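Set out below in structure tokens:
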């Protein structure tokens, strides 16, 4: 960790102020006290980007809204719900259940702890009670979520079994299910809880064994719909295409019930994933207590370098504020490492009273399930007072409702931030959520522009199921499962053309139909194609990381595209805070051999990337969108010291070039603009590099994507211009008319460039806001990049370029 | 911009298949010119029915090929003839021991050739080979799937001939052939004829009767060792799917000739091995040619509750040779104990302990059984203690060691309570 200025108390002006702004009426006095200390009592106040607390928002309490009775709910289920203290459906539950029972697909977006599971359990259980042949399939993005739901459903089904002769079978079916239990599950399960990966490789290819399920499949539930964006979502669409194809074969036509966190386009995403119309239920009728939402920006400690006080230390102090007043708190950290660090810090803070250390727990993937269940239970029962978690607790695991949530760093998306904030919030009484910004550009942007978060629509989730790489893999799987007919359609492209190419390669054979009828495409290959397709990446051609320290254990996997940059020889590879050094990279065998090492630096690869425009789909100066060829090569690496980020050495590497076709958005800086810049050539170059650095951050924000989903490059984009190689965003030379490319970092593209093109104006405007609003003098990691990388004029030049482009095209309004 | 097909060609890597370029050995004369490998271009117009000497069966708009062969009583398969292997008129009387349930004598031998071994809806049986004994001859009928569309009709035809038999006989059918063909029936939404039918899976019996645990248990190696038949120019199993795919792509049935012959030989071997096992069971221990056969049929008798036959088999197996002697004595002792013939059991345990090459797991069992016998039935505490101490010298699990130490402690308490210490008997 960077050295922390140690402060035992809050900034002096906020200490010991008499509570006045926050009313104590109906709220928890302890929470009120903390809020008062944080806000200085000033509740209704404008956003103040430069203050310590940049924003304070109060979300008012809301009474429960009950919907009317829903016809079609089985009386026995009604009795069981009443026995559990559920007197009626909230409005959103009633609406969702009514849609589902009327066999309309429905997507529900309501906050955490609003009783969303009843939206799908009620119609499914009612249907099973009415007709025991009914079957339902639940899909969760993780096995842990399926386990959590299993417990809930078992309780319900046990109570129902006592009221009927029917034993309702509820089972999980995933990679952990023992082989000998599988046959029984196939026969006895009314409700199967699984995940898309298992459906893809374990259920669909064996559909004849699941004939009973597919013949009677009435409902498919997709929980945490928002998790299926990008590559994963594009794969899921294809898995669902295959599922529905098999359902048609067995004569069923299931209704889909989906639940999602709040995203901008839940209905659009559901319709894109399932390719059927959906009803949307978005207004929650669940009661909600008053909630306070605060943004905290650690103060600047070095104005020139733009360095702020550590957000982890800030998080620690804020969490302690809640904790020492006996408030139950959840802290979200960004990584497994910071989770462990914060847990240690908090435990140390409460060293004194015996027992309290055990009331503070860490929680992350990698803990054994038993320990996780124990912590979840402790949270529900109140014996655990504080938990520090990775995003593992962001999804719908039941931990009850807590008093306060402190987020160490912006979770990356608006949707995820609301999800995490929702972990604090009782149905009555007051709760608080605090976002502590790190110095990452995205964090700084959000915390300094609170209205972006509070008032704008959350992100759109994007998928591209017709990416040819993904499509071809699933067409193979589908052809294995059931032969295609010569008139069958699948996806947006002409699948018959895809099938023709697969025949050329020997995978299938076209058999003509009789008397002019449809022919079929017969699978003529020995393989089991689902085994070669991983839903979580675009290609299963991954590098595996093998630890040679004691024997040879596989400790990780890295995608083909990022393999060379992270697994080159002498690279430092990190797993859960443990350092490994790569000893050998077997590029052909896709294996990296590593050994544990103790050192004080990490490595950063130097990559040359060249983008060539193959086809411009639309050009609307200065932005364009089209197909590009990206070739990149890792040529060396730098050693960077932990904490100080000093460059302490470097090395050269010779690795094969990687190539892909993908789609890209690019910004063209006209030659006239470049020529009119009143700066030296080096400064101009720095300005373009700095601009690309800032654009990347904003693009990531606008696209709701992960950092590695997009790549960036600067160049002319022309085939012949060989000197246009760029070095991790640093051009060796600059073209007369340089282009900044933001490309989809997946072969074939995953659908980012088109929306980015559509948001071209917003992209430039927000990039300008980010750079202009940054408090640093000459550039920092928050805006145009660290000053050592980009030179002293980068900030100025980048702003000038944006202004000149804006002036040229009239689309930009100069910011105040 | 490239057409989709062009972009796809860059993405799709050609399918790899074993021997897709052509079989590596044997029957070159049947092979088409390799340049005819591409689809459509080199489609042969020779009728598969003529090449494979079969007949088309038309079912609605679909057809499949049926190839019939019949083997006369004098036909020899290695050293064994069909006549040697024919079931008696009323069928083999103890066949039920092989099926694990009582069943009649009409058997259907089944062996599939498939497009893959991975399972799943895309692995299918392109050749269903069926065999049966009838009126002194062995008949083989093979159903060849000529196009995928005719699978349903083919399965219905198989169901018809399976409809009036008493049991199905396979080699490894429990885990491979039957689940695979059940999947095909269920995919075509037909009920499988094999679901409730008694099933003899000769793989398991062959392991018992003719092979130790480590030896190869392939049907072809049994065929050589037991029936004395050496195959010539046989197509290796891994090459079979590729030959079928080539037929599908080109229409040239010539590469399939060897596949059909391979399947027929498998069926013949399966039938003759089954006959050998059934005859052994009918004739009893005196017909066992080896100790392993005697032990194997003994176990089948034991499972069927025929204890006196089983005891005779175990005793004979123990006398016949050193190889399976410890296992035979062990089986003998356990069965005797279960029959409460403790004295006889004790002498079997003792014989086991006295063997030079007795595996340590059996030494443990024997020593423990004898210790119990001495302590509780003969009340000979020092002998019991000696045996317990002896077994403590062996490697064993922690739990077992604790149990024995417990026994020793108890014996010591009993010994202390009884007379002054007796001199050790051993």
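Residue numbers (the numbering used here), protein chains in the order written: chain A, 1 to 816; chain B, 817 to 1242. All C-beta atoms in this analysis are idealised placements derived from N, C-alpha and C, irrespective of residue type, glycine included. Being a predicted model, the structure only gives us computed values, none of them experimental.
Can you check whether the CB of residue j is closer than 7 Å to the CB of residue i?
| i | j | result |
| --- | --- | --- |
| residue 806 of chain A | residue 794 of chain A | no |
| residue 1016 of chain B | residue 914 of chain B | yes |
| residue 70 of chain A | residue 51 of chain A | no |
| residue 1136 of chain B | residue 1107 of chain B | yes |
| residue 649 of chain A | residue 790 of chain A | no |
| residue 289 of chain A | residue 64 of chain A | no |
Spell out whether any CB of chain A is found under 7 Å from the CB atom of residue i.
| i | result |
| --- | --- |
| residue 997 of chain B | no |
| residue 823 of chain B | yes |
| residue 1070 of chain B | no |
| residue 920 of chain B | no |
| residue 820 of chain B | yes |
| residue 850 of chain B | Reliability fails at residue 850 of chain B, whose pLDDT of 40 lies under 50, so the model's placement of it is uncertain and no value is given. |
| residue 961 of chain B | no |
| residue 941 of chain B | no |
| residue 1051 of chain B | no |
| residue 1232 of chain B | no |
| residue 1202 of chain B | no |
| residue 846 of chain B | Model confidence at residue 846 of chain B stands at a pLDDT of 41, short of 50, so the residue's coordinates are unreliable and nothing is read from them. |
| residue 842 of chain B | Only weak support exists for where residue 842 of chain B lies, its pLDDT of 37 falling under 50; the value from the coordinates is given anyway. No - not a single Cβ of chain A is within 7 Å of the one on residue 842 of chain B. |
| residue 1113 of chain B | no |
Are the C-beta atoms of residue i and some chain B residue less than 7 Å apart?
| i | result |
| --- | --- |
| residue 208 of chain A | yes |
| residue 511 of chain A | yes |
| residue 730 of chain A | Here the model assigns residue 730 of chain A a pLDDT of 49, short of 50, so the residue's position is not dependable, and the following value carries that caveat. Output row for residue 730 of chain A: interface = no. |
| residue 397 of chain A | no |
| residue 869 of chain A | Outside the displayed span of chain A (1 to 816) sits residue 869 of chain A, for which this structure offers no information. |
| residue 722 of chain A | Confidence at residue 722 of chain A is low in this model, with a pLDDT of 45, below 50, so the placement of that residue is unreliable and no value is reported for it. |
| residue 611 of chain A | no |
| residue 522 of chain A | yes |
| residue 560 of chain A | no |
| residue 228 of chain A | no |
| residue 99 of chain A | no |
| residue 505 of chain A | yes |
| residue 254 of chain A | no |
| residue 181 of chain A | no |
Assuming residue i and residue j are in contact, meaning their beta carbons sit under 8 Å apart, how far apart are those beta carbons, in whole angstroms?
| i | j | result |
| --- | --- | --- |
| residue 949 of chain B | residue 902 of chain B | 6 Å |
| residue 629 of chain A | residue 612 of chain A | 5 Å |
| residue 523 of chain A | residue 480 of chain A | 5 Å |
Measuring from the CB of residue i, is there a heavy atom of the ligand HEM at a distance below 6 Å?
| i | result |
| --- | --- |
| residue 533 of chain A | Summarising the ligand content, the structure contains no ligands, and the ligand HEM is consequently not present. |
For the 8 Å Cβ check, are there 3 or more pairs between the region 498-512 of chain A and the region 268-276 of chain A? No: fewer than three Cβ pairs fall under 8 Å.
For the region 483-500 of chain A, which residues have a beta carbon sitting closer than 9 Å to at least one beta carbon of chain B? 483, 493, 494, 497, 498, 500
Near-chain A residues of the region 865-892 of chain B (beta-carbon distance less than 7 Å), N- to C-terminal order: 877
Along the region 619-632 of chain A, what residues have a CB closer than 9 Å to any CB found in chain B? Those residues of the region 619-632 of chain A that come within reach of chain B (Cβ to Cβ, closer than 9 Å) are 627.
Report the residues of the region 657-672 of chain A with a CB closer than 8 Å to any CB of chain B, ordered along the chain. 661
On the three-pair Cβ rule with 8 Å, is the region 458-468 of chain A touching the region 430-444 of chain A? no
Do the region 272-279 of chain A and the region 33-41 of chain A make contact, defined as three or more Cβ pairs closer than 8 Å? no
Determine contact between the region 997-1005 of chain B and the region 1069-1083 of chain B, defined as no fewer than three beta-carbon pairs at a distance below 8 Å. no
At a cut of 8 Å, does the region 165-173 of chain A reach the region 128-135 of chain A through at least three beta carbon pairs? yes
Pairing CB atoms from the region 755-775 of chain A with CB atoms from the region 654-661 of chain A, are three or more of them under 8 Å? With a cut-off of 8 Å, the region 654-661 of chain A and the region 755-775 of chain A do not count as touching, because too few Cβ pairs lie within range.
Across the region 739-758 of chain A and the region 678-685 of chain A, are there enough close Cβ pairs to call them in contact, namely three or more that are closer than 8 Å? By the criterion of at least three beta-carbon pairs nearer than 8 Å, the region 739-758 of chain A is not in contact with the region 678-685 of chain A.
Please list, in chain order, the residues of the region 975-987 of chain B that have any C-beta partner in chain A closer than 9 Å. Cβ contacts with chain A come from no residue of the region 975-987 of chain B.
Contact set between the region 468-479 of chain A and chain B, restricted to residues whose Cβ is under 7 Å from the partner: If the cut-off is 7 Å between Cβ atoms, the region 468-479 of chain A has 468, 469, 472 near chain B.
Along the region 1002-1021 of chain B, what residues have a CB closer than 7 Å to any CB found in chain A? 1002, 1003
Residues of the region 297-331 of chain A whose Cβ lies closer than 7 Å to any Cβ of chain B, in chain order: Along the region 297-331 of chain A, none of the residues has a CB nearer than 7 Å to a CB of chain B.
If you measure beta-carbon to beta-carbon, which residues of the region 528-553 of chain A are closer than 7 Å to chain B? Cβ contacts with chain B come from 528.
Anything in the region 1040-1064 of chain B with a Cβ closer than 7 Å to a Cβ of chain A? List those residues in chain order, please. 1057, 1061, 1064
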